[in-house]
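J.: Sharing a structure with you now.
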Amino acid sequence: MPSAARQSPGIFITLEGGEGSGKTTQARRLCACLATHGFTVLRTREPGGTLLAERVRTILLDQHKETIAPETEALLILAARRQHVDHVIKPALAQGKTVVCDRFSDSTMAYQGYGRGLDLRILRTMNHWATGGLVPHLTLLFDVSVPVGLRRRRGQSSTQNRLDREAEQFHGKVRAGFQALAKKEHRRIITIDASSSIESVERTVEGLVTNWLNTHRFPKPHRR
Ligand code: TMP
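Quick note, the sequence shown lines up with residues 1 to 224 if you use our numbering.
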């Protein structure tokens, strides 16, 4: 397989989902769980993960007087991704770490592709270029209806960003996009119903990841 993740000793897990899907909380809890089982874990996020990429994140999520073209948005995200992959993700995987990343390439397909309407084929090629072919071993997709997700998110008004404020219709397209990606890549992407309580979703995640680790080729060398 062409993916760099598949050639390195580490494990690369990504968490994806729309606004208010609870993936950030679950990322934190999953890392704690993996650490208690002896994995050396690195938790990171996109856009972000390096000093420069976090600065790009601020540009992307802040409101600006100047409108941002969908293409500009995609290019900024991809620039941040390259920086993140080269400086953080690939070195950690090479050291045998388990990298848990809050969003990655699937978000670009869902938000900039299905949501903004950019050409999916071009985005796929550019994602490949930005990541050097790095594909997660496992992706957990936290699926929740748009009204529930936005209600959760808008309840935390201080954390609303430029993308949160997009119309419900946009978020509907993003959700449909994630669902289409999960259907297409059903071996890699596992969908989790994120509508229940944090604890209930956490139990589901733990069960799924434990089972996945046991059925894939990740035995002792990846554990401390
Ligand atoms: P979040 O990580 O707190 O959910 O916020 C990140 C925002 O950035 C979210 O609205 C989705 C957006 N985003 C994209 O539009 N494309 C991408 O490729 C990534 C990684 C994030």
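Backbone N, C-alpha and C fix where the C-beta goes; we use that ideal spot for every residue, glycine too. Computed from a prediction, not measured in an experiment: that's the story for all the values here.
From the DSSP secondary-structure annotation, give me the bridge partner or partners of Arg-45.
T.: Translated into positions along the sequence shown, residue 45 becomes position 45. Asp-102, per the DSSP bridge assignment.
J.: On the DSSP bridge assignment, give the partners of Thr-14 in chain order.
T.: Sequence index remark: in the sequence shown, residue 14 carries index 14 (1-based). In the DSSP output, where bridge partners are listed per residue, Thr-14 has Cys-101, Thr-139.
J.: Since Ala-193 sits in a beta bridge, which residues does DSSP pair it with?
T.: Along the sequence shown, read from residue 1 onward, the residue named residue 193 stands at position 193. The displayed chain sequence assigns Asp, not Ala, to residue 193. Beta-bridge pairing links Asp-193 to Asp-143.
J.: Who are the near neighbours of Ala-94 in its chain, counting only those whose CB is closer than 6 Å to its CB and skipping five residues on each side?
T.: Here the question's residue 94 lines up with position 94 in the sequence shown. Excluding residues up to 5 positions away in sequence, Ser-8 lie with their Cβ nearer than 6 Å to the Cβ of Ala-94 in the same chain.
J.: Roughly how many angstroms separate the alpha carbons of Ser-145 and Ser-195, rounded to a whole number?
T.: Walking along the sequence shown from the start, residue 145 turns up at place 145. Walking along the sequence shown from the start, residue 195 turns up at place 195. Their Cα atoms are separated by approximately 8 Å.
J.: Thr-40 to Val-100, Cα distance in whole Å?
T.: Mapped onto the sequence shown, residue 40 falls at position 40. Mapped onto the sequence shown, residue 100 falls at position 100. When rounded, the distance between both Cα atoms is 11 Å.
J.: Smallest Cα separation from Glu-46: which of Val-88, Cys-31, Ala-35?
T.: Locating residue 46 in the sequence shown gives position 46, where the first residue counts as 1. With distances taken between Cα atoms, Glu-46 lies closest to Val-88.
J.: I want to check one thing, is the minimum distance from the CB of Ile-77 to the heavy atoms of ligand 1 below 7 Å?
T.: The residue you call residue 77 lines up with position 77 of the sequence shown. Checking every heavy atom of ligand 1 against the Cβ of Ile-77, one is found closer than 7 Å.
J.: DSSP puts Phe-178 in a beta bridge; with which residues?
T.: Start at 1 with the first residue of the sequence shown, and residue 178 comes out as number 178. Its beta-bridge partners do not exist; DSSP assigns none.
J.: How about Thr-131: is its Cβ closer than 7 Å to a heavy atom in ligand 1?
T.: For the purposes of this step, residue 131 is taken as the residue at position 131 of the sequence shown. Outside the cutoff, so no.
J.: Enumerated in chain order, which unbroken segments of the alpha helix (DSSP H) with a length of 4 residues or greater are wholly contained in the region 54-139?
T.: 70-84, 90-94, 120-131
J.: So, is the C-beta of Arg-45 closer than 8 Å to a C-beta in chain D?
T.: The structure shown contains no chain D, having only a single protein chain.
J.: Under 8 Å: do the region 64-81 and the region 31-40 share three or more Cβ pairs, one atom per stretch?
T.: no
J.: Whole angstroms are fine: how far does the CA of Gly-20 sit from the CA of Phe-142?
T.: Position 142 of the sequence shown, counted from the start, is the residue given in the question as residue 142. Position 20 of the sequence shown, counted from the start, is the residue given in the question as residue 20. Across the structure, Phe-142 and Gly-20 are spaced so that their CA atoms are roughly 9 Å apart.
J.: Which two residues bound the contiguous alpha helix (DSSP H) that contains Leu-213?
T.: For the purposes of this step, residue 213 is identified with residue 213 of the sequence shown, where counting begins at 1. From DSSP, the alpha helix (DSSP H) with Leu-213 extends over 198-215.
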